[in-house]
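The sequence shown runs 131 to 243 under the numbering used here.
In what follows, a structure is listed as structure tokens, so that the remarks can point back to it.
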Amino acid sequence: MDSLASILPRVLHKRGLHGHATAALATHKATEWLHAALPSFASQLHVDTFKDGVLTISTTHSIAAQECMPLLPGLKEFLLRECKGSAVREVRMVRARGRKANEGNNAIKENEG
Numbered sequence: 131m132d133s134l135a136s137i138l139p140r141v142l143h144k145r146g147l148h149g150h151a152t153a154a155l156a157t158h159k160a161t162e163w164l165h166a167a168l169p170s171f172a173s174q175l176h177v178d179t180f181k182d183g184v185l186t187i188s189t190t191h192s193i194a195a196q197e198c199m200p201l202l203p204g205l206k207e208f209l210l211r212e213c214k215g216s217a218v219r220e221v222r223m224v225r226a227r228g229r230k231a232n233e234g235n236n237a238i239k240e241n242e243g
């Protein structure tokens, strides 16, 4: 009888879901790693996407980005070990300039005025 570890990848490939499953695993493992490596910045760091071998982490906080940048090679090595088959080529850090960043700026302006 085949084990679940050998059956699951075949079923995922057959249904066209293997890429989605490996991306979900990589983002989950990266989130866990970031929370363990940088607990004080865990709420500011968000694993956004894993597409074409590139894992993207975003933050609106510049200090969180500075603290995370030197750790990215270690995260890549961790993901290559933990997520065999995910083919992590690169880990990128981006500064998010979305609604959350604007809300923070508006709160600062309101406090100043």
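Idealized CB from N, CA, C, for every residue including glycine.
Values in this document were obtained by computation on a predicted structure and should not be read as measured data.
Around the CB of residue 187, 16 or more other CB atoms lie within 10 Å, so the residue is classed as buried. Within the same chain, Cβ atoms closer than 7 Å to the Cβ of residue 197 are found at 168 and 171, the five residues on either side in sequence being excluded. Listed in chain order, the non-local C-beta contacts of residue 178 below 6 Å within the same chain comprise 186 and 188, local neighbours out to five positions each way being set aside.
Relative to the Cα of residue 213, the nearest Cα in the group 191, 166, 149 and 141 belongs to 149. Counting every other CB atom within 10 Å of its CB across the protein chains shown gives residue 136 a total below 16, marking it as exposed. By DSSP's assignment, residue 180 forms a beta bridge with 185. Residue environment for residue 159: buried (at least 16 other C-beta atoms within 10 angstroms of its C-beta). Cβ atoms of residue 183 and residue 211 stay farther apart than 8 Å, at about 16 Å. Taking residue 194 as the centre and dropping the five residues before and after it, the same chain places the C-beta of 168, 171, 174 and 175 closer than 8 Å to its C-beta, in chain order. Cβ-Cβ distances below 7 Å link residue 163 to 205 and 208 in the same chain, with the five nearest sequence neighbours on each side left out; the list follows chain order.
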